[in-house]
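A short worksheet on the structure shown next.
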Amino acid sequence: MSAISVQISSPLEGGALMPAKRLMRAYFIEAKYETVRMLRTPAFAIPFLGLPALLYLLFGVVIFGAAIRNDSNAGLFIFAAFALFGVMGPGIFGFGMVVASEREHGLLTLKRALPMPPPAYLVAKLLMAMLFAAIVMATMFAVTPLGHLHLYVGQFFALAAVGILGALPFCAIGLFIGVLATGRSAPAFVNIIYQMMMHLSGLFYPLPKFLHAIAPVWPTYHLQQLFFRAVGVPSQGNSITHIAVLVAVTLLFTLFAVRRLARKG
Amino acid sequence: MMDNAYLAELSEAKKKFGNIVALDGLDLQVRPGELFAVLGPNGAGKTTAISLLLGLQQPDAGTASLFGKSPQLVETRRQIGVMMQEAGLAPELRVREQIDLVASYYPVPLTPDVAMELTHTTALANRPYGKLSGGQKRQVQFAMAIVGRPKLLFLDEPTVGLDVQARELMWVTLRKLVNDGASIVLTTHYLEEAEALADRVAVLAKGRVIASGTVREIRALVVRKRINCSTTLTVEEISAWPGVENATADKQRLLITVSNAESVLRRLLAADQNLREVEVRSAGLAEAFAELTQENKV
Numbered sequence: 000m001s002a003i004s005v006q007i008s009s010p011l012e013g014g015a016l017m018p019a020k021r022l023m024r025a026y027f028i029e030a031k032y033e034t035v036r037m038l039r040t041p042a043f044a045i046p047f048l049g050l051p052a053l054l055y056l057l058f059g060v061v062i063f064g065a066a067i068r069n070d071s072n073a074g075l076f077i078f079a080a081f082a083l084f085g086v087m088g089p090g091i092f093g094f095g096m097v098v099a100s101e102r103e104h105g106l107l108t109l110k111r112a113l114p115m116p117p118p119a120y121l122v123a124k125l126l127m128a129m130l131f132a133a134i135v136m137a138t139m140f141a142v143t144p145l146g147h148l149h150l151y152v153g154q155f156f157a158l159a160a161v162g163i164l165g166a167l168p169f170c171a172i173g174l175f176i177g178v179l180a181t182g183r184s185a186p187a188f189v190n191i192i193y194q195m196m197m198h199l200s201g202l203f204y205p206l207p208k209f210l211h212a213i214a215p216v217w218p219t220y221h222l223q224q225l226f227f228r229a230v231g232v233p234s235q236g237n238s239i240t241h242i243a244v245l246v247a248v249t250l251l252f253t254l255f256a257v258r259r260l261a262r263k264g
Numbered sequence: 000m001m002d003n004a005y006l007a008e009l010s011e012a013k014k015k016f017g018n019i020v021a022l023d024g025l026d027l028q029v030r031p032g033e034l035f036a037v038l039g040p041n042g043a044g045k046t047t048a049i050s051l052l053l054g055l056q057q058p059d060a061g062t063a064s065l066f067g068k069s070p071q072l073v074e075t076r077r078q079i080g081v082m083m084q085e086a087g088l089a090p091e092l093r094v095r096e097q098i099d100l101v102a103s104y105y106p107v108p109l110t111p112d113v114a115m116e117l118t119h120t121t122a123l124a125n126r127p128y129g130k131l132s133g134g135q136k137r138q139v140q141f142a143m144a145i146v147g148r149p150k151l152l153f154l155d156e157p158t159v160g161l162d163v164q165a166r167e168l169m170w171v172t173l174r175k176l177v178n179d180g181a182s183i184v185l186t187t188h189y190l191e192e193a194e195a196l197a198d199r200v201a202v203l204a205k206g207r208v209i210a211s212g213t214v215r216e217i218r219a220l221v222v223r224k225r226i227n228c229s230t231t232l233t234v235e236e237i238s239a240w241p242g243v244e245n246a247t248a249d250k251q252r253l254l255i256t257v258s259n260a261e262s263v264l265r266r267l268l269a270a271d272q273n274l275r276e277v278e279v280r281s282a283g284l285a286e287a288f289a290e291l292t293q294e295n296k297v
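Residue numbers (numbering that gives the first Met the number 0), protein chains in the order written: chain A, 0 to 264; chain B, 0 to 297.
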């Protein structure tokens, strides 16, 4: 027999009442452990947190360092490209692969049976992806002084804001894949979409002419233009359109996914 | 008893998956303070019935309710604890963290340390969940089920994969829960588990309740008895007698399952002057279960 004499079953009538403070705490704890577990997954944390700054070091400092000294716009272009590459990964992979696997292995079912506040599941993953995006931006800023790119305080904050909020549409796309794919097929789908978004939007290099027309199909194109806007590099289109497209992508994919999750789990 | 006195209730619940009828007008009621065991062969509808009560699915017809309300309301589910067959918990999180996470969903939970002490998992507190054995994972899931101090606990095959000692320890905690006033809905393949713990049993087959009552009542539904005796007669001889369903030998003793105990007993006494140590018992829940579900095959 157990040595402790605690009454396990709740003595409270109406024990269903949850004070607002505890409800907030439930969201916080969910986000905390979502982040902790992703940080403890080396295959996720190391590439997504380390790679963007490393690639920036390689291209922005070692290879094109001299060119950037003469043309700061080139430095900003490279910075924006790798920052964007960094903030899209945790969202699209963190949602796409993790949601598919959690659906398949019963964790989502268990959480739906438990009294988890229903939005907490997605909110926790969103906060995790935004925190990862913030870490990516921080590591990029940290290595910038090694090269010839100089950022003003205003540019710094504008880049950070675009980077962190810019993770959201990719979370939504990842979630969309996660609710449709099985645990085994999700990595393939996520990778295909991820690669297409990177390479067909002109993120790293100028696109051939015949691809110009389809670049605006990809959310990466619009986010890249916002990165350019944030630091004052010449950009295409206007910011309101870019923001509207990204917000629409986020809402549409999330809405579809949430409805399907509620219906089919 | 009034409807709202039930903690959980399925009423005329029907559920189809494609052409397969999972539940065919199922009625189940869970009363306060009881341990209610749901038995049935695979495909009988146990898991579907539990899913409806947990709000994971909705019945095509009929109703499912928890504490008189919809199981889909999160407020309703704050009074329940759940242990499912498959959990797929994050392998990277440590045991204390898993329990802490579930505790955060409830208004007045136990601390993770108390939940671990009650479920004998304290030694595992800092181990990553993915490194645990199957039995240890079940014990941790049990801690997660009770940490919210639920009034009603749903346990789907809780002791699968546990060794005998761990199973006994879980039984002790389950009894303590019921003594504290909690109710438990238990599905199990281990009939001795239902026999040892359950106040009431429902046997499901093909999406319906084919029998329900106390363990004693279920056993009594079945006419079979068991005769255990020491005799010089052989299994072959006795197997041929009318009323004998099965006979097995164990050293000098015979175990005979019979549908008519009195006539077989009379014949035994007549045939063997040296018959000794005769015991007649009602069939166990296992035999009752086998017979009930056999009768309900198409």
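Cβ atoms here follow ideal geometry from the backbone N, Cα and C, with glycine treated the same way.
Predicted model only: the values in this text are computed from it and were never measured.
Distance, residue j Cα to residue i Cα
i: A/ALA73; j: A/GLU29; result: 41 angstroms
i: A/PHE226; j: A/ALA160; result: 10 angstroms
i: A/HIS198; j: A/ILE91; result: 16 angstroms
i: A/MET0; j: B/VAL159; result: Unreliable positioning characterises A/MET0 in this predicted model, as indicated by a pLDDT of 42, which lies under 50. The coordinate reading is nonetheless provided below. For A/MET0 and B/VAL159, the distance between alpha carbons rounds to 21 angstroms.
i: A/MET17; j: A/LYS110; result: 17 angstroms
i: B/ALA298; j: B/VAL202; result: With chain B covering only 0 through 297, there is no way to say anything about residue 298 of chain B.
i: A/THR34; j: A/LEU250; result: 23 angstroms
i: B/ASN41; j: B/GLU156; result: 12 angstroms
i: B/SER262; j: B/ALA246; result: 15 angstroms
i: B/MET143; j: B/ALA89; result: 13 angstroms
i: A/PRO41; j: B/GLU91; result: 10 angstroms
i: B/PRO127; j: A/GLU103; result: 21 angstroms
i: B/GLY54; j: A/ALA112; result: 7 angstroms
i: A/ALA180; j: A/PHE188; result: 8 angstroms
i: B/ALA86; j: A/LEU54; result: 39 angstroms
i: B/ALA60; j: B/VAL208; result: 16 angstroms
i: A/VAL122; j: B/ILE49; result: 28 angstroms
i: B/ASN18; j: B/GLY39; result: 21 angstroms
Chain-ordered chain A contacts of residue i [CB-CB under 7 angstroms]
i: B/TYR105; result: PRO114
i: B/GLU85; result: HIS104 and GLY105
i: B/VAL73; result: PRO114, PRO116 and PRO117
i: B/GLU91; result: ARG36, ARG39 and THR40
i: B/LEU88; result: LEU106
8 angstroms Cβ cut-off: residues of chain B touching residue i
i: A/ILE28; result: ASP99, LEU100 and SER103
i: A/PRO18; result: PRO106
Candidates the options, of which the one nearest residue i by Cα
i: A/PHE175; options: A/VAL60, A/LEU22 and A/PHE252; result: A/PHE252
i: A/GLY88; options: A/ILE163, A/GLY153, A/ALA214 and A/ALA256; result: A/ILE163
i: B/PHE288; options: B/CYS228, B/ILE226 and B/ARG215; result: B/ARG215
i: A/TYR120; options: A/LEU54, A/LEU107 and A/ALA160; result: A/LEU107
i: B/GLY147; options: B/HIS188, B/LEU168, B/ASP179 and B/GLY80; result: B/GLY80
i: A/MET129; options: A/GLU103, A/VAL142, A/GLY165 and A/TYR151; result: A/GLY165
i: A/LEU83; options: A/GLN224, A/THR143, A/PHE43 and A/THR34; result: A/GLN224
i: A/GLN194; options: A/PRO218, A/ALA180, A/ALA212 and A/LEU179; result: A/PRO218
i: A/LEU158; options: A/ILE62, A/THR181, A/ALA243 and A/ILE134; result: A/ILE134
i: A/GLY182; options: A/VAL98, A/LEU150 and A/TYR204; result: A/VAL98
i: B/ALA102; options: B/GLU33, B/LEU22, B/ARG126 and B/PRO149; result: B/PRO149
i: B/PRO31; options: B/SER182, B/ALA124 and B/ASN41; result: B/SER182
i: A/LEU260; options: A/PRO233, A/VAL178, A/VAL232 and A/LYS208; result: A/VAL178
i: B/ARG252; options: B/LEU53, B/ALA86, B/ILE226 and B/SER132; result: B/ILE226
i: A/LEU48; options: A/GLN235, A/VAL86, A/GLY146 and A/ALA66; result: A/VAL86
i: B/THR186; options: B/GLU96, B/GLY17, B/GLN84 and B/LEU6; result: B/GLN84
i: B/ALA204; options: B/ALA142, B/THR121 and B/LEU291; result: B/LEU291
i: B/ALA165; options: B/ARG77, B/THR118 and B/GLY61; result: B/THR118
i: B/GLY129; options: B/ASP271, B/GLU96 and B/MET115; result: B/GLU96
i: B/SER132; options: B/TYR104, B/VAL73, B/VAL113 and B/VAL94; result: B/VAL94
i: A/GLY201; options: A/GLY95, A/ALA112, A/TYR220 and A/PHE58; result: A/TYR220
i: B/LEU6; options: B/TYR105, B/PRO70, B/GLY212 and B/ARG207; result: B/PRO70
Per-residue contacts from residue i into chain A (C-beta, under 8 angstroms)
i: B/VAL81; result: LEU109, ALA112 and LEU113
i: B/PRO274; result: The identity of residue 274 of chain B in the sequence shown is Leu, whereas the question assumes Pro. Chain A residues near B/LEU274: none, gap ~44 angstroms exceeds 8 angstroms.
i: B/GLU96; result: TYR32 and VAL35
i: B/ARG76; result: ALA112, LEU113 and PRO114
Chain B contact residues for residue i, given Cβ-Cβ distances below 7 angstroms
i: A/LEU210; result: Within 7 angstroms Cβ-Cβ: nothing; A/LEU210 doesn't reach chain B, min ~40 angstroms.
i: A/ALA25; result: SER103 and TYR104
i: A/ARG21; result: PRO106
Under 9 angstroms from the C-beta of residue i: neighbouring residues of chain A
i: B/LEU55; result: THR108, ARG111, ALA112 and GLY264
i: B/VAL30; result: Correcting the residue type first, residue 30 of chain B is Arg in the shown sequence and not Val. Those do not exist, as B/ARG30 stays about 15 angstroms from chain A at its closest Cβ, beyond 9 angstroms.
Scan the stretch 106-175 of chain A and note each continuous alpha helix (DSSP H) run of 4 residues or more that stays entirely inside, going in chain order. 106-112, 119-142 and 152-164
Would you mind listing the beta strand (DSSP E) stretches within the stretch 16-51 of chain A that are 3+ residues and don't spill past its ends, in chain order? none
Those runs of the beta strand (DSSP E) which lie wholly inside the stretch 148-204 of chain B and span at least 3 residues: When DSSP assignments are scanned along the stretch 148-204 of chain B, the uninterrupted stretches of beta strand (DSSP E) that are 3 or more residues long and fall wholly within it turn out to be 151-155, 182-186 and 199-204.
Below 8 angstroms between beta carbons is the criterion; list the residues of the stretch 156-188 of chain A that meet it against any residue of chain B, in chain order. Of all residues in the stretch 156-188 of chain A, none places a beta-carbon less than 8 angstroms from a beta-carbon of chain B.
Residues within the stretch 224-242 of chain A neighbouring chain B, beta-carbon criterion of under 7 angstroms: Cβ contacts with chain B come from no residue of the stretch 224-242 of chain A.
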